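Just so you know, the protein sequences line up as chains A and R, in that order. When we follow the working numbering, the leftmost residue of the first sequence carries the number 1, and every step to the right adds one. When we follow the working numbering, the leftmost residue of the second sequence carries the number 1001, and every step to the right adds one. Read through the structure below, which is laid out as structure tokens, and then see the notes.
2 protein chains.
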Amino acid sequence: MAIGLPACSAHDLGGLPDLVELAIVLTGAVARVAEEHELTPMQGRLLCGLAGQPRRMIDLAQSLGIEKAALTGLVDRAERRGLVERAIVPGDRRAVQVTLTDDGGQAMLAFETGVASALDELLAPLPAKDRSAFRRMASAIVRAARAA
Amino acid sequence: MAIGLPACSAHDLGGLPDLVELAIVLTGAVARVAEEHELTPMQGRLLCGLAGQPRRMIDLAQSLGIEKAALTGLVDRAERRGLVERAIVPGDRRAVQVTLTDDGGQAMLAFETGVASALDELLAPLPAKDRSAFRRMASAIVRAARAA
DNA sequence: TATTGTTATACTCTATAACTATA
DNA sequence: TATAGTTATAGAGTATAACAATA
């Protein structure tokens, strides 16, 4: 499966702010972990969104920030690989629930664990005090961006 | 032009570390700026890589972290849109140099400026002292990742 | 032989528009 | 009418493998 994400990248291209390169480095790390588990990064995100409970298509599309038609394809491919299943929603015959299969649940856990340790490695060069400060500031940025 | 990147995203999906969501937020911000200037994010990166001097295909592919065959397509599309041009390399008839057109140069500057201000906005919620600390730590992480 | 780049092929991810089925 | 989801279509970005031209 050719997953198709820049594996390492972030070699200096000049002109791009370090924050953009940070995004590239982080995204590349996630992509590498996904690939190790034979997932695409987007499939990894999908599986993580299904941890704990089934979700409806419309809900997932919003969470992932993609159109419902794009989600149809994403779920199609994940279903074809045995990671998720579609199920009916009792009480609304228009709706579809997406659930994790056993395989999908295992892949989700492996992906989550792998991502966590890959991120730890990326932050490892920083002093311990900076690491926690960096994570705290990252959370603040994300929260503010979500609110806006 | 349907550019195809999650425009806002980063709504809570649960299970994903904030650092991953940070990458999503940053990537989304870059994508939005690119779209404003009718570029794809990858075209934006390509143009930035060409700021100042022409580069050879092999060199660009390494900088962007993609295979040379993928770069052929990327440059094809950018050339079709009048952003870049292919030129010969004196002294090596196998090689190709990619140069910015006037349009491409203008787009590159507009993209750079837009990205810089989008990043400023993302960091705006942090106290000024944290903003510079965050940028400094981001640079350190990127430098370390590049070295590894 | 090694290097540079292109072509061929196949996937994933994305969007918009049109459609079906249900509420 | 409005909502949930799919289908159809198109395009970007990616990879691998095979190839041509040149060093």
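Built from N, CA and C at the ideal position, the CB exists for glycine as well. Computed from a predicted structure; not experimentally measured.
- Counting every other CB atom within 10 Å of its CB across the protein chains shown gives A:Val-84 a total of 16 or more, marking it as buried.
- For the 8 Å CB-CB criterion, R:Leu-1122 and A:Ile-24 do not form a contact.
- Counting C-beta pairs closer than 8 Å gives fewer than three between the stretch 29–38 of chain A and the stretch 85–104 of chain A, which falls short of the contact rule.
- Shortest Cα-Cα distance from A:Ser-63 to any of A:Arg-81, A:Gln-106, A:Met-42 involves A:Met-42.
- Under the three-state reduction of DSSP, A:Glu-21 is assigned to helix.
- If you look at R:Thr-1072, you'll find it isn't in any beta strand (DSSP E); it sits in the alpha helix (DSSP H) that goes 1068–1080.
- In this structure A:Ala-87 is exposed. Its beta-carbon is surrounded by fewer than 16 other beta-carbon atoms within 10 angstroms.
- Under the DSSP assignment, A:Leu-100 falls in the beta strand (DSSP E) whose first and last residues are 92–100.
- Bounds of any beta strand (DSSP E) do not take in A:Ala-140; it lies within the alpha helix (DSSP H) bounded by 128–147.
- Contacts between R:Ala-1144 and chain A, judged by CB atoms closer than 7 Å, involve Pro-125 in chain order.
- For A:Ala-87, the enclosing beta strand (DSSP E) has its first and last residue at 84–89.
- At a cut-off of 8 Å between beta carbons, A:Pro-17 contacts chain R.
- Counted as a single uninterrupted DSSP element, the alpha helix (DSSP H) harbouring A:Ala-61 occupies residues 57–64.
- Across the set R:Ala-1029, R:Ala-1031, R:Arg-1056, R:Cys-1048, the C-alpha of R:Arg-1056 shows the shortest separation from the C-alpha of R:Arg-1093.
- In this model, R:Arg-1143 and R:Glu-1079 are separated by some 32 Å (Cα to Cα).
- For A:Gly-44, same chain residues with a beta-carbon under 6 Å away, outside a window of 5 residues either side, are Ala-34, Phe-111 in chain order.
- Neighbourhood of A:Arg-135 in chain R, by CB distance below 9 Å: Pro-1017, Asp-1018, Leu-1019, in chain order.
- Ranking A:Arg-135, A:Ala-148, A:Val-20, A:Val-75 by CA distance to the CA of R:Pro-1017 puts A:Arg-135 first.
- The Cβ atoms of R:Gly-1082 and R:Asp-1103 lie closer than 8 Å to each other.
- R:Ala-1138 places its beta carbon less than 8 Å from that of A:Leu-22.
- Under the 10 Å beta carbon count, A:Ile-66 is surrounded by 16 or more other beta carbons and is classified as buried.
- Judged by beta-carbon spacing, A:Val-20 lies within the 8 Å limit of R:Val-1030, meaning their Cβ atoms are closer than that value.
- Sequence-distant Cβ neighbours of R:Ala-1107 in its own chain, meaning closer than 7 Å and more than five residues away, are His-1037, Leu-1039, Leu-1047, Leu-1083.
- Shown here, A:Thr-40 sits in coil according to DSSP, grouped into three states, outside any helix or strand.
- CA-CA distance, A:Ala-148 to R:Val-1089, rounds to 48 Å.
- Flagged as an interface residue toward chain R: A:Ile-141, by a C-beta distance shorter than 8 Å.
- Residues of the stretch 1044–1067 of chain R with a C-beta less than 8 Å from any C-beta of chain A: Arg-1045, Cys-1048, Gly-1049, Ala-1051, Gly-1052, Gln-1062, Ser-1063, Leu-1064, Gly-1065, Ile-1066, listed in chain order.
- Judged by DSSP in its simplified three-state form, R:Gln-1106 adopts helix.
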